[in-house]
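Working notes for the structure below.
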Amino acid sequence: MMNSKYYTEVGNYYDNDASDFDSRYWSNPVLQQIRQAFREEVKRFDSTAILEIGCGTGLDLVHFSNIFPEKQIFGIDISGEMVRISESRIEKNKSTNIIVRKGSVENLEALFPNQQFDLIYVFFGALNTVENLNEVSQILKKLLNPNGVMVLTFVNKWYLAGMFIEFIRFRFARAFGRIKPVWGGYSPTKFLPSHCYSPAQIKRTFHEFSVVQKKGFSIVHPAWYYTGINSNLGKLRKYLWKIDLLLNKTFLWRFGEYTLFVFKK
Numbered sequence: 257m258m259n260s261k262y263y264t265e266v267g268n269y270y271d272n273d274a275s276d277f278d279s280r281y282w283s284n285p286v287l288q289q290i291r292q293a294f295r296e297e298v299k300r301f302d303s304t305a306i307l308e309i310g311c312g313t314g315l316d317l318v319h320f321s322n323i324f325p326e327k328q329i330f331g332i333d334i335s336g337e338m339v340r341i342s343e344s345r346i347e348k349n350k351s352t353n354i355i356v357r358k359g360s361v362e363n364l365e366a367l368f369p370n371q372q373f374d375l376i377y378v379f380f381g382a383l384n385t386v387e388n389l390n391e392v393s394q395i396l397k398k399l400l401n402p403n404g405v406m407v408l409t410f411v412n413k414w415y416l417a418g419m420f421i422e423f424i425r426f427r428f429a430r431a432f433g434r435i436k437p438v439w440g441g442y443s444p445t446k447f448l449p450s451h452c453y454s455p456a457q458i459k460r461t462f463h464e465f466s467v468v469q470k471k472g473f474s475i476v477h478p479a480w481y482y483t484g485i486n487s488n489l490g491k492l493r494k495y496l497w498k499i500d501l502l503l504n505k506t507f508l509w510r511f512g513e514y515t516l517f518v519f520k521k
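Just so you know, we're using my numbering here: the sequence shown kicks off at 257 and counts up by one.
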């Protein structure tokens, strides 16, 4: 699967994106806050073997390696350049419990032979760029240990606040782009063919797992890529984040920019 035309296209996109990936992250406090919230979900569960799908530049691999030096941590990414930066970060951090490989989910058994995982996590929607999510769900089921847990985040098809913001800016193509069968990604200049999933689609796809937790992020709080809006909001961002936490206790959780699911085998 790794050599498919689609995965080559996705890999090339992220190869070009890799050089300024970290600088964008460290300059964006909203992005950092969301990532930390994702990390806290992972920390809730005991595990000895952890897999990250879509590890990017290795920020989270190294983060969890420092916190859990006794655990085995594995990572994959479709981008060779992202993997190269990850390997450099791992070496610089002197982490000895991380293995990272270039590949797709479909390659996992070949990349890590005879390896099972207690915990699998995906941050920032890496599964939005797989060829067949139903097939991927079966692969993950096979690789997850009994009672294993997955913390999966997805770019949401029904991000209503984002649709509204783009609509009132008269950017109609961007406002409704995510509800089309193929979404073009976040960049206004580079097209990344991907798929946004509704919470209902995700639950149907992973119906063989139990849902332990479900959350929405950036429901009323502007998404991380609205840097201008977030800068102008100042301290108000803190209260919008708290409103999001309250809305997660209602049906409105399903309208955030990201949806997070915790599944148990």
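Beta carbons: idealized from backbone N, C-alpha and C, even for Gly.
ask   = Among residues of its own chain, excluding the 5 on either side of Ala382, which ones have a beta-carbon nearer than 7 Å to its beta-carbon?
value = Ile309 and Gly310.
ask   = Cα-Cα, which of Asn353, Ile290 and Met419 is closest to Ile306?
value = Per the Cα distances, Asn353.
inquiry  = Pop quiz: Leu317 and Ile329 are said to be a contact at Cβ under 8 Å. What is the actual Cβ separation, rounded to whole angstroms?
reply    = Indeed they touch by this definition, with Cβ atoms about 6 Å apart.
query = Which term fits Ile334, buried or exposed, when burial requires 16 or more other beta carbons within 10 angstroms of its beta carbon?
reply = Label assigned to Ile334: buried.
Whole-number beta carbon distance between Val386 and Val468, since they are thought to touch under 8 Å = With a Cβ gap of about 22 Å, Val468 and Val386 do not count as contacting.
task = With DSSP as the reference, label Asp302 as helix, strand or coil.
result = Correct three-state label for Asp302: coil.
ask   = In terms of residue numbering, what span does the beta strand (DSSP E) encompassing Gly472 cover?
value = The continuous beta strand (DSSP E) containing Gly472 extends over residues Ser466 to Phe473.
task = Tell me whether the beta-carbon of Cys452 lies closer than 7 Å to the beta-carbon of Lys398.
result = No; because the gap between Cβ atoms is not below 7 Å, this pair is not in contact.
inquiry  = Does the segment 266-274 come into contact with the segment 465-481, if we say contact requires no fewer than three beta-carbon pairs (one atom in each stretch) closer than 8 Å?
reply    = As far as the Cβ criterion goes, the segment 266-274 does not touch the segment 465-481, which means the pair count is below three.
query = Does the ligand COA have even one heavy atom less than 6 Å from the beta-carbon of Arg291?
reply = Summarising the ligand content, the structure contains no ligands, and the ligand COA is consequently not present.
query = Buried or exposed: Leu502, going by 16 or more other Cβ atoms within 10 Å of its Cβ?
reply = By the neighbour-count rule (16 or more Cβ atoms within 10 Å), Leu502 is not buried but exposed.
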